[in-house]
Every structure is written in structure tokens, then in C-alpha cells.
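Everything on this sheet refers to the single structure shown next.
Residue numbers (the working numbering): 1498 to 2676.
Next up, the structure:
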């Protein structure tokens, strides 16, 4: 609600005195600069910029540096002379050795020679500026301002430091040189003689009263920067103090009496009291005041003991490694990286004068009205009105609006309060900026009337005491996003009143009473988002504009701020027709723009509003968010990480990069075990900022797609490396086990793998990982995605293991299976023939792997329609399997079943039945009546009955298989779904259309949910439902389904895949039944040409499609064309399928029927059409 200050927040640095122990200050400043450089390089990577290779200078990060004594010397080096820290350390080390290595002999003030100190300082100044007499004050507007503290030797009673400044002030010492200011601040009694500057004024060390100058720095900043907000003040000490002993002054060191020096020095060097004062001052401003000070080890290092510089370094390094110090440094760097402050110094340290007027505080904030373009959210508004209107009993009304930054929470609250004011629902509404504790305190303080004392506590008490007045006030806490802030402590302690909260922090929902008092503000509904876009764009509402707006909001995922920004951009710089292309090409730039806004007063772009949350995340939180941005946006499960972490020990080091190990360690891996609590704490951190949403019912997490895009943009050039890590984690989580739970897990992985692999070359993955992800694709029917991974794995295997290694042969066989599933039967055959020959030679002709590959080749022949070749191979491998493995071995039984399938294709249904009955009986006896393989054999026998037209026998078996599968495997197991689909086809052939439709719809919907909407089995079931409608004469319904499934099939399987061609043929049949013979002809001609090319001119499917075209010609009255085709297809069928094959006999009947009806009569739907429909339904 408030805009940022014109300048970034103030960064202040205060440096204590402490002799040679000042080295400790420089070392800690170096640590801060190093961490700032690391953070800056992360940002530069995201922008594609070269990283910084030198530490930044403190003068570029601090607005004001003040120091005393040795701290004053360092302040001049870093601020006025603009040294980097390494240069300052080198100069400081040289100066200490030069000045303190020799004690002065003879009489005079001070133990060490001031002349040596002056020479050393002048040398440093000359080196940096070119002139040893350079003035202290700088010309122009310096970025970093500097002062040092000294004391007037003639006025010791006044406890006021004298400041020597590099900038203009009414107290400026005109003409003072840098070396003079350095001498003045370091002229410690008994160490160096005092210095005379200007008109006879003598100055000594500022440590006498201001050894910790932090309060002086704060007061000075208040004068110099009265309107700037403060970001942080960093106070750095020189070691845990006490009264540190110094040598007693000699007879002629008469500047101050010895006892006074000892007392003052003891007070000066003990800086604890000043630190306590600063802590009290910043008590209500956390993460603003930072004190860095080595707590142990330097008590006995005397101020001039230059030979102990190494001890100072050692103690400082040890201090910085401590857990507490590490936390302080981390927090400090985060604050310094945030350019937005909280309060001005005036607001922070100066009490507000009382307002001499009646009524309420003048600075009470009014709740803003909603924007004029506010649209939608009626469901949440109604929920809020209903809640606040109902009887509360003896409790406050507390309602929480939570959601992602930019989702429109505040605007929704403004709308509710605006409507409530119009209805006089609340007596008073108090707007509270809940950004941080300071804004909360200020706004609550402003709640009370003038007559009441001014404090946040008084504001709460005043509200709590208004029950007798029967006032229905409402406190609106806006932007309560700080996860470290307990907002409930700001609630008035009473049993009445109303509280409304907007927050990104889901944990605040705990302050609400129940689900009726919480609303998640997520994406707008599509219609509301479209209306908002059109209102902001100001281009009217034609049909074309409605369609464009609909496409745009869909691309923006109906996210409120994104839609608003798009509307503002279109209104000022573009138009609806251009925006979508601009957005798709420049999404990240548009979502980060702040100069064009649609929702006024928000002030931040989509991406920048999430940057604020990202900056507050832990390292593990950022890592997990980046991983989630690469996975699919839904179904993110802890199981992925747990399985990967616990399975990693089974992999070679070459398969798992160090980065993956580090990621898993960050997220919860503990000594080869998984710590769920640790993982959920990290995920809970993301939930608290609404960057991740938990689906309790599904036990998984989801991330908004736009958050994914934003997070991906934050990774920059690191995204490719993270992509490899994520895919490796996915691969590690996959096992080669084939239990039901393994299938289910791999099906859930499919969307994650599909989203990740397309951005990476298969060669960039470990072969082990690539092979496992290929398994996910294969089981999911994504054969085109599996192929490049399998090819890459195969090439690596050939190169590393050799072309004839058993693992290489297995991978060739896997690739051949993928080609077969893709309908690339010739490519599959070529690989299988080659791998069989090699297997016979390397493994042996009767090796189990060799037999499996022969079986696969027979399946390929069957797909090619080469049923005789398939029979020869199938019978041979079956006989060998019986002899080598045994007649009852599972592999033998599968080969008998395969041979039965070949017989079924040949129309030899009795032979097929005999084999299937035998397999079923053996399976029942050996494996058990409820074993999955037994159930499969029963289902196969039912299919033969189906082919024989024995529908009732088929039904009995299929019902039994379905019921057992539901009980044994589960209602959603793929085999169970297949059994349901088969039963639906039987109902279909029994003319039980309603039963067939009910089962078909149910199994289709379950397949969509369990397997996915584009899985090949799902597409088959959609096709089957269309054919059920076709049989019912519901041709329009059938047509609509077939058109849609064909488009999906073309995209997923390919335009020339056999299943795609079958669906096109089915659509052509639908057109024929609608009397659209010309449309049917166009499709049939096209599908025949493709079938000839892809399957072959004599493939059974090609022959069926030629028959269909002949029937279309017949329906058009083109008897000659129909006769020519039918005569040809009958002759080919006799030769390829056999004269007694059912398809051959049906075509002879069709030809005879056509001869009989050539008098012009148009025959009805004939047997071949029915047979073709059945065949299409049983793909």
C-alpha cells in the first residue's frame, strides 16, 4: 500500500577503537563483503553476466561509516580513501608494525612516536590519492560519507565527541587534512601525544567516551539523512572488553592524570554499556541492529602488541565459524541485499509529539477502495459476508484470505470492506499495515483517540474495552506475510470484534476457527479473468476479441496480477491480437515489468512480488523450489526423493553426480536413510509463502505454473545443471520391480519425466538413469519419448561394453519392442533378426534370452499380418521352451498363448481354443486360480469364444475374470480395466447397447484418470465407446468422439501409426452410415494409400480397408469400381489368408451380394461392415 522510498535503505557502519585488535574489524568486514559478492554473483548468473572476481568495496555498500581511534583509521581507509578490504588489511598491518615496533626513548608525551604514525598515515594517503596533504572533506556528493571521533583536550568534562567529517556540516573543520583527522582520532593518552589542529585546539583519542561510536553514527545519520529509511546499522567491536591494563604513564606524560586515564580508558574500552543501549533502542526493530564482536580470546592482547596480530586473526576466524556468528552474518547479508527499509531514523528513535486536538490520531490510515476494474470472486465475497453476519457466540470473528503473492487478496478484502461500509455493517474499520512489526505498532498506535495514551498496547486495550458501547469494529491486517511474526499477539484480547487478515503465510490459517473462516485466493475463474482483461484492455467485446482474450487468460493461467498487467500493457502498448505472440516470446520480461500496471497501487510485477519471498527462503528451500519448478506442477511427491535417496547406494559414482548427492542431503537424506521430518520442514517453508500447495487427500504437492516459469528464470544458466540433477533423482527413484505398487508409482512419474526430458539431450543423462526413464515412457505408452533414450543407452552400451555383450543385446531387444509398439514393424523386424542371430552365437540357441527374442520376432510377424511365418516361429519356440524350460514353465505357457493368438488371426478358432483351454488348466493347477497369469489365460479363452460368436460363453468367463481381478489386483489395475473393456465389447456384440455403454463410459473415465488421457489404452477405450454409439445408430455422437480421438492419436502415436489408421477407417464408416459417401471415400482412399505404404499391400488391415472402399463405391452406385476392387481383394485374401479364412469368406459373400443387387438396389450394411466394426473395436 505504500511505495518504496526514492532511495534504497540506509546502511550504516560503526567501528570501535582497540589498537592493533582493529584487524579483527577488517577481517569481519571482509567476510561480509565476500558473502555479498557470492549473492551478487548468483544474481549475475541469472542475468547471464560475468561473475565478479574481486571483493566489492565497503564504500559501495555503506552510506555512512564512523569510527573511533583504530576504528577511525579504518573508517578513513574504507570510506574516504575508498580502499578495498584486502588493501586496507595490508596497509593496517604495515602501519601497526611500523608504529608500534619501537618504543619512544626519552622524555615527552606518549609512549610511541607520533611522528612515525604521521609518516605512515601520510604515506598511505599519498599512495591512494597522490598527495599526502589531501583534504579530509570531499568535493561533490560522495556515495559513502565518513567521520571519525576525537575529543577536545581542553574540555574533557564535556562528554561530547568532536567529529571530523568528509562531508559538509556546520561543525566541519575547514582545511583539515586526512592525516590530521587520523592522528586526532588515534591520539590515545599514554600512547601518542595530542595533536594541534586549526587555531590552537588540541585533540586526543575519541575513545575516551565514544569507543563504541554506534549511537554517534545513528545520531549523525539522522541529521544527514532525515527522510531515508534505515536498512541496518552494523557495529563492529575489537574484542570482549573489560578494563584492559596499560602501562602507567611516565613522569612527563602529563596530559591527563594517571588515575583519570585509567578510569576513562576502562570505560571507553568496555563497550558493553553502549551495546546494551543500542539493543534497547532497536528492541522493536528486529534485524536492523547488528553487533559483530569477538567474544573470547583477545582480552589479554594489549593495544600496541603488534606482534600478536596473528593471534587476533586466529581468534577472529574462530569467532566467525561459530554457529551464532554464522547466523548473524547470513542475516546481515540478507538485510543488506534488501534495498527496502522499514522506518526512518526519526520514526525509530524520536518520540512523536502529542497531537493537540480532539478526535482520532491524524495518522490513522484509511482502508483503500477496490480498483474500478475489480471483477469476480463472488463466491469468496459471499462466504465472507455470510461469516461476518452470523452470530459469533462469545468469540471474535477472524477470517483469513491466504494465497500466492499477486493473486488479488488485498483487492478482494478492499472490495468486501467497501461493500460492508455501504451497508453500514461495521461501526469502524481500522487498516493495519502488517508488513512488519514496526508498521503494525505504528498503525495500532494510531487507532486510539487523542485522549488515550499512544502505544500499540493502548490501541489494543482501547478496542478491547468497547464492548459496552456495542461497537462492531473491524481490524484489517493487510500483507501479514512475515513468517517470523506472530500476528496473533496484536489481536485485542476480548471476545468480540472482527478481524480480517490477508497473507501469503498459510500458517496463519491456524488463527482462524474452521474451514468456514478461511479462503484460499487462487486463480480467477476463466470467465472473470477474461472480463477483467477486456475491461483493462479497452478494446470492446466482439466475438474475435472474446476468443483472443480467452486464449490470453488461459496462457496466463487466470492469475489475477498477470491478467491485470497484460490488460495494462495491451491498453498502452499493444493490442489483443498481438499480445499472445509477444507474451510467448518474451514471457519473463513482461512478467517482470513494473512500469505498466493494471491493478493500481500494487506497485510490483508478477515476478518481483515473488522475488521478495524467494529472498527469505533458506538454501534448502530455494533448492527444493527449483526442483519443483522442473517437475510437473501437480503430483509432486515425497516418495520421489525418498526412493532416490535410499536407492542411491545401488548406483555407481559415475551414475550419480556430487550435486545430486548434495541436493538429497539438503532435503532429508541422512546416512543412506530418509528423514521425512526434515523434508517436510523444508516443504513447509515453501508452503508458508504459498509458493507450494499441499494436497492432503493425494499426499502430494502442487506449484503454480507461473511460479514454475519464474523460478526457472531465477536459475539462469544453472537450469541445465539442475535439470540433469532432477532427472537423475527421478531415475534413481525408479526400480526394475514389477509389482502393482511399482507400476502405479511409475505411472505417477510419467508427467514429471515428460516435462523434464524434452529440454535435455538423452546423451546428457547417465545410461542407467536414461534406461529407467525410458521404462516409464514405455509403460505409459509414450513410445516416441522412450525411443531416443533407448537409442542413447544402446550406443553407450555398444561403446563401453561391446556390441555382443548381453546387456547390449537386451537393449537392442528393448528398442525393437519400442519400434513394434510404434507400428514400425519393419524396423523392429530388422533389429530382432540381428539380435537373434547374435544371441544364438553368443548365448546359445536355447538360452532363455534367445527364446524371448524369437518370441518377440513372432509377435512382429503377427503384427505384419505374416501369420504363417508367425506360426512357424511360434510353434518352434514353443517346442524348444517345452523341452528346455518344461511344459509348465510360465514362459512356455506364454508361448503357447502367443501361438493361440496366431491361430485366432488365421481364423483357426478351434485350434486356438484347444491351446487356450490347455494353458488355462495348467495355470490353475500350477499357479493358482487367482494368479494374474491364470486370469489372463481365462480372458484369452473368452476372446476366442468372442471370435466364434459364442457371446454367452465369453460373457461368463469375462465376468468371472473381472470380479476376481477387482478383488485380487484392484479395481484400477490395468489388467482389471482390460477385463472390463472386454466385457463391454461382448455386451456390444450381444446388442446390449445400454450395458455396453455404461461399462464403456466407466472404463474410459477410469483409464483417463489412472493411465492418462493420452495413454494408448485410453484412446482404444474412447474408440470403443464411439463404436458403441455407432452400433446404436448414434452416428453424430460417434463422429464427435472419433474426430477428437484421431487428432490425439495423430499427435501422440503419429499419423501413420496402425491404431491411428484404424480410427480414421472407423470415422469413414461413420460417414458411410450418415450417407456422407463422398466424405467416406476421401478418407478411405487416403487410409488405403497410407496402409499400403506403411503396412504393405497385402496386410490384412489393408485388405479390410480396400473392401470398405468397394462398399462405399457400391453405395454410390459405382458398380464397376466396386466390382473391380472386390474381385481383387477376394483373390488376394484367398492367397494370403487362405480360402477358408472368415475374412475371405465374408468378402466372397459381399461380391456375390453385389452381383445380385446390380439392378440398382442399394444393399444395407453387410457382414463385412459388421466384421470390420468388431475388429476396429478390439484393437
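Glycine included, every Cβ here is placed at the ideal spot set by N, Cα and C.
Secondary structure at residue i, three-state DSSP: helix, strand or coil?
i	result
residue 1925	strand
residue 1752	Here the model assigns residue 1752 a pLDDT of 41, short of 50, so the residue's position is not dependable and the matter cannot be decided.
residue 2467	coil
residue 1946	strand
residue 1509	strand
residue 2299	coil
residue 1978	coil
residue 2016	strand
residue 1995	strand
residue 2532	helix
residue 2117	helix
residue 1517	helix
residue 1896	strand
residue 2107	helix
residue 2093	The predicted model places residue 2093 with a pLDDT of 48, which falls under 50 and marks its position as unreliable; any figure quoted below should be read in that light. Coil, per DSSP.
residue 2225	helix
residue 2508	coil
residue 1479	Because the chain in this structure spans residues 1498 to 2676, residue 1479 falls outside the shown range and cannot be described.
residue 2166	strand
residue 2448	helix
residue 1760	Here residue 1760 scores only 41 on pLDDT, less than 50, and its place in the model is too uncertain to base an answer on.
residue 2360	helix
residue 1820	helix
residue 2547	helix
residue 1674	strand
What are the start and end residues of the alpha helix (DSSP H) that includes residue i?
i	result
residue 2526	2513 to 2528
residue 2371	2364 to 2381
residue 2642	2639 to 2653
residue 2590	2574 to 2591
residue 1579	That residue, residue 1579, is in no alpha helix (DSSP H); it is neither H nor E in DSSP.
residue 2598	2597 to 2612
residue 2176	2173 to 2185
residue 1915	1906 to 1919
Looking at the strands, I want to know which residues DSSP matches up with residue i.
i	result
residue 1970	1925
residue 1884	Paired residues: none, contrary to the question.
residue 1729	1508
residue 1565	1646
residue 1659	1647
residue 2133	2198
residue 1930	1975
residue 1699	1693
residue 2000	1899
residue 1624	According to DSSP, residue 1624 bridges with nothing at all.
First and last residue of the beta strand (DSSP E) that includes residue i?
i	result
residue 1647	1642 to 1649
residue 1789	1786 to 1789
residue 2192	2190 to 2192
State the CB to CB distance for the pair residue i and residue j, rounded to an integer number of angstroms; the pair is presumed to be in contact (CB under 8 Å).
i	j	result
residue 2356	residue 2344	Residue 2356 to residue 2344, Cβ: 19 Å. No contact.
residue 1581	residue 1552	6 Å
residue 1623	residue 1703	With 8 Å as the limit, residue 1623 and residue 1703 do not qualify as a contact, their Cβ atoms being about 24 Å apart.
residue 1711	residue 1771	6 Å
With a threshold of 8 Å, are at least 3 pairs of Cβ atoms found where one atom belongs to the stretch 2510 to 2517 and the other to the stretch 2543 to 2555?
Pairwise C-beta distances place the stretch 2510 to 2517 in contact with the stretch 2543 to 2555, as three or more of them are shorter than 8 Å.
Pairing CB atoms from the stretch 2202 to 2218 with CB atoms from the stretch 2433 to 2443, are three or more of them under 8 Å?
no
Contact between the stretch 2216 to 2236 and the stretch 2063 to 2077 is defined here as three or more beta-carbon pairs at a separation below 8 Å; is this criterion met?
no
Are the stretch 1978 to 1986 and the stretch 1927 to 1935 touching, with three or more C-beta to C-beta distances below 8 Å?
yes
Please determine if the stretch 1957 to 1964 and the stretch 2005 to 2025 are in contact, where contact requires at least 3 C-beta pairs separated by less than 8 Å.
no
contact_flag[the stretch 2251 to 2268, the stretch 2183 to 2194] where n(CB pairs < 8 Å) is 3 or more:
no
Answer yes if the stretch 2278 to 2288 comes into contact with the stretch 2313 to 2333, meaning at least three C-beta pairs across the two stretches below 8 Å, and no otherwise.
yes
Sufficient close CB pairs (3 or more, under 8 Å) joining the stretch 2124 to 2141 to the stretch 2196 to 2210:
Touching, yes, given that three or more Cβ pairs across the two stretches are closer than 8 Å.
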